[in-house]
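What follows is a set of notes on a single structure, which appears directly below.
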Amino acid sequence: MAGEPMAVDYYIPLIIFLIIGAIVPIAALAAVKVIAPLRSSRRKVSIYEGGLIPVRDAMVQYSVQYYLFAIAFVIFDVEVLFLYPWIYVYASEAMNQFMVFGSMNIAVFEMLLFIIVLLVGLVYAIKKEALRWV
Amino acid sequence: MDGIIESITQFANQEPAIFALIIGIIGAAIIAGVVNVGAMLLIWGERKVLGDFAARFGPNRVGGRWGILQLGADAIKLFTKEDIIPAEADKGVYVWAPIVASMATMLVAAAIPFGALHINGQDYPLVVANMDISAFYVEAALSIMSIAVFMAGYSSNNKYSMLGAFRGMARMIAYEVPMGVCVISVAIMAHSLNLVEIAQNQTLWYAFAQPLGFVIFVIALITDLGRIPFDQSEGEEEIISGYNTEYSGIRWGLLYFQEYNNALLGSILLTLLFLGGWQGPIIPIPLLDIISPLIWMLMKMIIVLWFFIWVRSSLVRLRIDQVTDLGWKWMLPLSIVNLGWAVLVGSYFA
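If you read the sequences in order, they're chains A and B. For the first sequence, position 9 matches number 395 in this note's numbering, and the numbering has no gaps at all. For the second sequence, position 274 matches number 404 in this note's numbering, and the numbering has no gaps at all.
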């Protein structure tokens with residue numbers, strides 16, 4: 387459309403918002419640095435662990451038991467990413483020329499196939515107990 | 131009035147980059163103020179309403195009408211508490227976690243329309259970055275908060291924080307996909323990913339046009355905001371305070387504050403996507419008719435927020451395995467069913 391701002395212009399305010407979003411908490415932290423008292427001690431800066439002295443580090447090689455969820459998430463999140471551009475294809479008038487099965491939009495048909503394949507995958511993962519919390 | 135609008139539109143067309151810059155600066159100043167004040171009022175309001183639900187007074191000791199001075203007292207307390215960073219924490223990440231949370235909130239606020247002004251029979255939406263893909267963008271920016279939560283939990287070097295952070299991630303990945311599919315269903319019906327157009331295209335509220343999607347989106351939104359019954363990342367009874375155990379004073383306050391900022395923005399998002407946005411009958415009184423879309427927006431927002439508080443006071447926290455089961459085995463398939471419904475209704479009955 388003529389006269390409409392270019393796509394990149396929408397993103398200029400985001401930089402300003404990002405800067406403001408960083409300035410507000412940094413200003414609050416700076417104010418606290420000035421106002422609040424500071425009497426540090428060894429006990430005060432220790433990690434809380436039920437009142438006892440902490441046993442070893444928390445940042446260890448940790449086995450994330452739900453990594454299968456994470457793998458499934460990557461697959462399905464990519465599916466969602468494919469669906470977003472599909473909305474524009476679906477919404478465009480040009481697609482109405484291509485019909486399958488009488489009156490079904492070809493974009494709908496193809497996305498249906500894509501989703502069915504993924505749903506089969508989801509059912510398989512559930513049946514295999516991959517999505518069971520351990 | 132007409133002249134002003136016309137000259138602004140002309141300027142916007144001639145110098146889009148400078149116009150965007152000016153809008154950005156003015157908008158950032160206003161929105162940062164409005165959102166932060168709104169979040170403070172929300173904190174107070176939530177305590178008051180929770181008090182009502184539990185048949186007690188809520189904050190009433192500090193003074194002011196309905197104990198509203200509690201907000202000032204809390205702020206004074208947070209700003210005068212000693213700033214403690216645990217010696218064994220990963221200091222850089224620890225310090226940056228609340229700042230990243232704040233930046234994420236502002237990124238969401240940049241693209242959300244806060245309402246509209248009704249001038250001469252036309253609605254002028256109040257939005258800073260009116261992108262073509264703002265629904266997609268807002269959904270993406272909302273989930274940056276979970277990165278901040280993970281940063282806070284991981285850098286604290288505390289076992290409870292670590293557990294909270296990992297649970298937060300498990301929760302996030304279980305609900306991100308259904309939420310995205312629901313946003314897509316809405317976009318299919320509205321034929322647009324622009325939040326302004328989605329709000330304006332709703333002759334019938336999408337909460338009624340696709341009730342299943344509405345229910346799923348509400349659950350996913352509550353999960354995304356980390357509110358009870360989905361606040362596994364900070365389950366007080368099991369893991370002290372979860373990801374923010376090692377945070378105190380103003381640093382904790384900042385993290386806590388961002389949760390409420392997000393709740394505020396989440397309620398706006400829900401209103402825009404499913405409850406007709408700022409649409410409503412125009413109040414036929416001079417001056418009031420200009421801001422009547424804003425009034426409708428505010429009323430819907432308050433109802434949504436009240437509903438969140440109601441849920442919080444009625445339900446108990448779910449176990450993390452129940453949460454992931456609900457997300458993967460129920461909400462994901464059902465959200466895809468809802469997508470099919472939206473396509474069907476959108477292409478054959480609309």
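Idealized CB from N, CA, C, for every residue including glycine. All values derive from a computational prediction rather than experimental measurement.
Under the DSSP definition of a beta bridge, B:M461 lacks any partner.
Taking the C-beta atoms as reference points, B:A265 is found nearer than 7 Å to B:A317. Shown here, B:D182 sits in a helix according to DSSP, grouped into three states. When beta bridges are read from the DSSP output, B:Y254 appears opposite B:L247. Proximity to B:G222 across B:S363, B:Q200, B:S286, B:G193 peaks at B:S286, based on C-alpha coordinates. 7 Å or more divides the Cβ of B:N374 from the Cβ of B:T235. When Cβ-Cβ separations below 7 Å define contact, A:L499 makes no contact with chain B. Look at B:V307: its C-beta is under 7 Å from a C-beta on chain A. Between B:E176 and B:E389, the alpha-carbon positions lie close to 13 Å from each other.
It is roughly 20 Å from the alpha-carbon of B:L323 to the alpha-carbon of A:E496. Against chain A, the beta carbon of B:L464 has no neighbour under 9 Å; the closest one sits roughly 12 Å away. Taking CB atoms only, A:M485 has no neighbour in chain B less than 7 Å away. With three or more CB-CB distances shorter than 8 Å, the segment 421-429 of chain B counts as touching the segment 239-252 of chain B.
For A:N491, the pairing in a beta bridge is given by DSSP as A:M485.
Within 7 Å of the CB of A:K430, the CB atoms of chain B belong to I214, in sequence order along the chain. Neighbours of B:E376 in chain A, taken as residues whose beta carbon is under 9 Å from its own, are I433, Y434 in chain order. At least 7 Å separates the CB of A:V506 from every CB of chain B. Taking all protein chains in view, the Cβ of B:K289 is crowded by 16 or more other Cβ atoms within 10 Å, so the residue is classified as buried. Around A:A414, the beta-carbon contacts reaching into chain B at under 7 Å are I380, L384.
Under the Cβ criterion (8 Å, minimum of three pairs), the segment 422-429 of chain A does not count as touching the segment 162-181 of chain B. In the DSSP assignment, B:A219 falls outside any alpha helix (DSSP H), carrying neither H nor E. Distance between B:I135 and B:D419, taken at the CA atoms: about 17 Å. With fewer than 16 other Cβ atoms from the protein chains shown falling within 10 Å of its own Cβ, B:W460 counts as exposed. A straight-line Cα-Cα distance of about 7 Å links A:A417 and B:F209. For the pair A:V420 and B:G197, the Cα-to-Cα distance works out to about 29 Å. Inclusion of A:F403 and B:A219 in the CB contact set at 7 Å is not warranted, their separation being larger than that value. Below the 7 Å Cβ cutoff, chain B contributes no neighbours of A:V475, its closest Cβ being approximately 11 Å away. For B:V453, the closest of B:F404, B:P341, B:I398, B:E306 by C-alpha to C-alpha distance is B:E306.
With respect to chain B, the C-beta atom of A:I421 has a partner C-beta closer than 7 Å. Using a Cβ distance threshold of 7 Å, B:A282 and B:A227 count as a contacting pair.
Taking a Cβ-Cβ cut-off of 7 Å, the neighbours of B:E218 in chain A comprise I433, given in sequence order. Straight across, the Cα-Cα distance linking B:S137 with B:E368 is about 60 Å.
A straight-line Cα-Cα distance of about 16 Å links A:A477 and B:L325. In chain order, W519 make up the part of chain A whose C-beta sits under 7 Å from the C-beta of B:D451. When the Cα atoms are used, A:V431 and B:Y377 turn out to be separated by approximately 11 Å.
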